[in-house]
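Residue numbers (our numbering): 1078 to 1202. Contents: one structure, followed by commentary.
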């Protein structure tokens, strides 16, 4: 069975794109959330192997969600997704505990590379 991934983005189209890429490549979608608050709740329930997290979302942004998830599980594997020009936010996300980031618009190879790198690091830890 493939690793389980929680997909978090406020845009349904982006969630669908990410889900298609990960399922085509042998990963399982554990669930999807459209804001940080939902993501934290779902992480606690589903205990996915990895989370893809949008930065800019309503209710709770991705950076606060990363902090909340890392408070539940200090070893959580989270990859931030950001639009171009959000470098400062990306740095905040990494400092909050994200393991990697990918820039929108996504290249399929870049998403898979980030997922594989983060999961292989956590397997060694």
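Heads up, the beta-carbon is just placed ideally off N, CA and C, and yes, glycines get one too. Fair warning: this is a prediction, and the values are worked out from it, not measured in the lab.
Contact under 9 Å by Cβ, residue i with residue j
i: residue 1081; j: residue 1107; result: yes
i: residue 1176; j: residue 1154; result: yes
i: residue 1126; j: residue 1196; result: yes
i: residue 1084; j: residue 1143; result: no
i: residue 1136; j: residue 1114; result: yes
i: residue 1164; j: residue 1098; result: no
i: residue 1157; j: residue 1170; result: yes
i: residue 1079; j: residue 1120; result: no
Burial state of residue i, where buried means 16 or more other Cβ atoms lie within 10 Å
i: residue 1111; result: buried
i: residue 1109; result: buried
i: residue 1089; result: exposed
Residue from the options with nearest C-alpha to residue i
i: residue 1141; options: 1125, 1079, 1167 and 1199; result: 1167
i: residue 1160; options: 1131, 1174 and 1113; result: 1131
i: residue 1094; options: 1188, 1134, 1192 and 1113; result: 1188
i: residue 1102; options: 1201, 1190 and 1200; result: 1190
i: residue 1151; options: 1133, 1134, 1138 and 1174; result: 1174
Residue i - DSSP class collapsed to helix/strand/coil
i: residue 1090; result: helix
i: residue 1111; result: coil
i: residue 1176; result: coil
i: residue 1118; result: helix
i: residue 1081; result: strand
C-beta neighbour in chain C for residue i, strict 9 Å
i: residue 1111; result: Judged by its chain identifiers, the structure shown contains no chain C, having just a single protein chain.
> What runs of the beta strand (DSSP E), each 3 residues or longer, lie entirely inside the region 1122-1159?
Replying inline: Annotation note: the region 1122-1159 contains the following uninterrupted beta strand (DSSP E) runs of length 3 or greater, listed N- to C-terminal: 1127-1131.
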